[in-house]
Amino acid sequence: MAEAVRERTEILVIGSGAGGAVTALELARAGRDVAVLEEGGEHPDADYGKGSTEAMRTLYRRRGMTPILGQVPLGYVEGACLGGSTEINSGFWHRTPREVLLRWHAQFDLQHASAEEMAPHFEWAEERLGIGPYGREWPKSTSLFAKGIEAMGWAFQEVPRAAPGCKSTNACASGCPTGAKQGMSRALWPAAKEHGARLVTRCRVHQLLFERHRCIGVLAEVEVEPGRRVLARIDADHVVVCAGPTETPALLRRSGVKFHVGETLRVHPMLKVAARFPETVNAHESVLPLLQVKEFWPDVSLGGAFFTPGHLAMGLSDNWPETNDRMARYRSMASYYVAVRGAGRGWVRPSVLGDGATLIHYDVGPEDLRNLSRGFARLCTLLLAAGAEEVLPSVRGMPSLRDEGEAIRWLDEPLPKANLSLTTVHAFSSCPVGERTDRCAADSFGKVRRYENLYVNDASILPDSPGVNPQGSVMAFARRNALHLIERLQ
Numbered sequence: 060m061a062e063a064v065r066e067r068t069e070i071l072v073i074g075s076g077a078g079g080a081v082t083a084l085e086l087a088r089a090g091r092d093v094a095v096l097e098e099g100g101e102h103p104d105a106d107y108g109k110g111s112t113e114a115m116r117t118l119y120r121r122r123g124m125t126p127i128l129g130q131v132p133l134g135y136v137e138g139a140c141l142g143g144s145t146e147i148n149s150g151f152w153h154r155t156p157r158e159v160l161l162r163w164h165a166q167f168d169l170q171h172a173s174a175e176e177m178a179p180h181f182e183w184a185e186e187r188l189g190i191g192p193y194g195r196e197w198p199k200s201t202s203l204f205a206k207g208i209e210a211m212g213w214a215f216q217e218v219p220r221a222a223p224g225c226k227s228t229n230a231c232a233s234g235c236p237t238g239a240k241q242g243m244s245r246a247l248w249p250a251a252k253e254h255g256a257r258l259v260t261r262c263r264v265h266q267l268l269f270e271r272h273r274c275i276g277v278l279a280e281v282e283v284e285p286g287r288r289v290l291a292r293i294d295a296d297h298v299v300v301c302a303g304p305t306e307t308p309a310l311l312r313r314s315g316v317k318f319h320v321g322e323t324l325r326v327h328p329m330l331k332v333a334a335r336f337p338e339t340v341n342a343h344e345s346v347l348p349l350l351q352v353k354e355f356w357p358d359v360s361l362g363g364a365f366f367t368p369g370h371l372a373m374g375l376s377d378n379w380p381e382t383n384d385r386m387a388r389y390r391s392m393a394s395y396y397v398a399v400r401g402a403g404r405g406w407v408r409p410s411v412l413g414d415g416a417t418l419i420h421y422d423v424g425p426e427d428l429r430n431l432s433r434g435f436a437r438l439c440t441l442l443l444a445a446g447a448e449e450v451l452p453s454v455r456g457m458p459s460l461r462d463e464g465e466a467i468r469w470l471d472e473p474l475p476k477a478n479l480s481l482t483t484v485h486a487f488s489s490c491p492v493g494e495r496t497d498r499c500a501a502d503s504f505g506k507v508r509r510y511e512n513l514y515v516n517d518a519s520i521l522p523d524s525p526g527v528n529p530q531g532s533v534m535a536f537a538r539r540n541a542l543h544l545i546e547r548l549q
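As structure tokens, this is what we get:
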């Protein structure tokens, strides 16, 4: 670590996920000198699809074990590799709903972000990623879910995905080995490199450097070969932080940038269940269920989750003595979830120990609990109506539900808060944008307040919970903001 290097670039982008990849591509296409720092590694398709254990070691932050603290802790996962979480997510795609954009304008004074103004940016991303329906016969886990939806008479949609030519390998969460799913490493990074963007992987940024109100660069640590790391200082005229909804505010605060930063974290809390059916499902061999129930949106969504024997064991662990025998019947099982928009608030802080760790806290409030309980009742009722012999929730003290009467009670009663095993894969809003200086860390285009040349451009900028899978929103806003920065620099 005694070695040190010093480099310079016009524009420095920190992070390579949905926000960072779009930012780097557009700036490079405009002829700008762009360097990108990514904490994780770059992996070929041959490294993908090798199973959960290997994926967590190579593709996930903290090996997939990031806790969100609070009265009800949540397990949180995000990517730490070239492409970020787009390499390990489902590829589900939603445009930001019109009513959400209207709310952001009303509550945050977010300017130039109407549905009409955002449409070209969504269209650009959808063409790049090949967004579309599955296009084949649904797998059994999807058709059973559809059967339950039909029995209940609820509104739903087949969610478009960034996976043209999906081979249904069930490897989304460990990286798509066929190259069908269009994570950023495949969809955007080759073009960004062709246009001259320079990429440095396995590079962790420790601190932003400032002279008065200008960010002049960063201090980072780069792994140049296994076991050998060097210190690096990278100077830049402009810095765009795209490190994600937890690492972006942590880096900013660690560097002394705290104005409305890391104070307003939002998530989509999620509660999972496993359903056991009388017939063979083989959910572990097919793409995850492709439908989402929208009858109760924006507060509640119901859908399908990744399923492997390992995921099933985790889901059953809350009541393992009573449920471990179900592992032998995994071929007749599939996983589903209830997710809520998230009305609570949280915060993000760098660890006071100076060890580079990030502390995350979120309060599951009364509204979240009420929506989770009602969504849980409806999800279990749907699955039983679909023919499930039992539903096994991730709720301690509730091994299984076998009839609708057991399920429907939770429409009116709150689930036992302390017994819930909640997770989330969607976090945002830790550096909200808008013209409201009393609540927004950055202006409507991501320029950080009180600084001349510092920007944020990832999921952290979404003003509050969008209530849908956020990748579409992140990419569309990132492109909008990158084009605005290009205009500003001309």
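Residues 60 to 549 (the numbering used here) make up the sequence shown, in order. Even for Gly, the Cβ is constructed at its ideal location relative to N, Cα and C. Source: prediction; values computed, not measured.
Which of helix, strand or coil DSSP assigns to residue i
i      : result
Leu126 : Leu is not the amino acid found at residue 126; the sequence shown has Pro there. Here Pro126 sits in strand by DSSP.
Thr237 : coil
Val346 : coil
His153 : coil
Ile190 : coil
Trp406 : strand
Glu69  : strand
Ile208 : helix
Ala398 : strand
Glu270 : strand
His180 : helix
Met386 : helix
Ala221 : coil
Gly413 : coil
Ala89  : coil
Ala246 : helix
Ser111 : helix
Met60  : Note that Met60 has pLDDT 47, beneath the 50 cutoff, so the model's placement of it is unreliable and no number is given.
Glu253 : helix
Ala279 : strand
His171 : coil
Cβ distance (whole Å) where residue i is taken to contact residue j below 8 Å
i      : j      : result
Ala372 : Tyr395 : Not confirmed; about 17 Å, so no contact.
Cys235 : Gly108 : 7 Å
Val320 : Pro337 : No, Val320 and Pro337 are not in contact; Cβ-Cβ is about 52 Å, not under 8 Å.
Leu128 : Pro328 : With 8 Å as the limit, Leu128 and Pro328 do not qualify as a contact, their Cβ atoms being about 14 Å apart.
Gln266 : Val277 : 7 Å
Leu474 : Leu431 : 6 Å
Thr99  : Leu141 : Residue 99 is actually Gly in this sequence, not Thr. Indeed they touch by this definition, with Cβ atoms about 7 Å apart.
Ser391 : Val326 : 32 Å between Cβ atoms; not a contact.
Ala445 : Leu203 : 5 Å
Glu97  : Thr201 : 34 Å between Cβ atoms; not a contact.
Per-residue burial, residue i [other beta carbons within 10 Å of its own, 16 or more giving buried]
i      : result
Ala541 : buried
Glu196 : exposed
Asn383 : exposed
Ser149 : buried
Ala184 : buried
Asp427 : buried
Ala291 : buried
Gln530 : buried
Asp502 : buried
Thr417 : buried
Leu470 : exposed
Ala387 : exposed
Trp379 : exposed
Ser489 : buried
Val131 : buried
Pro103 : exposed
Thr112 : exposed
Val64  : exposed
Thr496 : exposed
N-terminal and C-terminal residue of the beta strand (DSSP E) that residue i is part of
i      : result
Leu361 : Val359 to Gly363
Lys331 : Met329 to Arg335
Val320 : Per DSSP, Val320 belongs to no beta strand (DSSP E) and is neither H nor E.
His297 : Arg287 to Val300
Pro452 : Glu449 to Pro452
Thr482 : Leu481 to Thr483
Gly134 : Leu133 to Tyr135
His420 : Thr417 to Tyr421
Host alpha helix (DSSP H) of residue i (start-end)
i      : result
Glu217 : Element bounds for Glu217: not the alpha helix (DSSP H) but the beta strand (DSSP E), Phe215 to Glu217.
Arg257 : Segment Arg257 to Val259 is the beta strand (DSSP E) holding Arg257; no alpha helix (DSSP H) there.
Leu96  : Not the alpha helix (DSSP H): Leu96 falls in the beta strand (DSSP E), residues Val93 to Leu96.
Ile545 : Gln530 to Leu548
Gly369 : Pro368 to Leu375
Thr339 : From DSSP, Thr339 is part of no alpha helix (DSSP H); its letter is neither H nor E.
Thr307 : Glu306 to Arg313
Write down every uninterrupted run of the alpha helix (DSSP H) in the region 444-521 whose length is 4 residues or greater and which is fully enclosed by it, in chain order.
463-467
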